[in-house]
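A.B. asks: Per my numbering, the sequence shown runs over residues 1 to 139. Here a beta-carbon is modelled for each residue, glycine too, at the ideal position from N, C-alpha and C. Computed from a predicted model, the values in this text were never measured in an experiment.
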Amino acid sequence: WTVTWYGILERIVSSSWYPTFLRIISDFSLITSYPEHTKSKLFSVIIACYNCQDYLDETLNSLLNQTLSFEDNIQVILVNDGSSDNTGEICQKYLNQYPENFIYLYQENQGQAVARNNGLKYASGKYINFCHNMNCIRG
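1. Using 7 Å as the cut-off, classify the Cβ of Phe130 as near or not near the heavy atoms of the ligand SAM, replying yes or no.
2. By Cβ distance, which residues of its chain are closer than 6 Å to His37, with the 5 residues on each side in sequence left out?
3. Can you list, in chain order, the residues of its chain whose CB lies under 6 Å from that of Asp54, leaving out five sequence neighbours each side?
4. Can you give me the Cβ contacts of Asn129 inside the same chain, cut-off strictly under 8 Å, excluding the 5 residues immediately before and after it?
5. Roughly how many angstroms separate the alpha carbons of Gln92 and Tyr104, rounded to a whole number?
Below you can see the structure in the form of structure tokens.
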């Protein structure tokens, strides 16, 4: 018997105590925003962000412009790794515009690996992808 994060999250999301679970983890984690009634998406994209204000919009717009319906199929988890520029404001802008698709986390600077691992805790997609904050995804 193998336990996976996806399996655990899938059981939590489908359970009746999901809203309570979200309140508990938000008290003890780095989470800034996590919609309580987010439907599971097909893809979760985790982006570790550090001082990337100059190219983050282009990266996020490339996700929004996929031929696959963004709002129905893509969850984006933005992990701000202690940026000192306007990265946080850009993340917040997309979170406000697409609250069912974006999760925004903030942490003190700990590096890309820690940021990605923290983002992975909130991924609910069937498929998970890590995207660099300077990349554009075509499709």
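C.D. replies: So, from the listed chains and residues:
1. Judged by which ligands are present, the structure shown has none, so any question about the ligand SAM falls away.
2. At His37, the pLDDT of 44 sits below 50, so the modelled position is not reliable and the matter cannot be decided from this model.
3. Short of 6 Å from the beta carbon of Asp54, and not among the five residues preceding or following it, lies no beta carbon of its own chain.
4. Phe43, Ser44, Val45, Ile46
5. Between Gln92 and Tyr104, the alpha-carbon positions lie close to 7 Å from each other.
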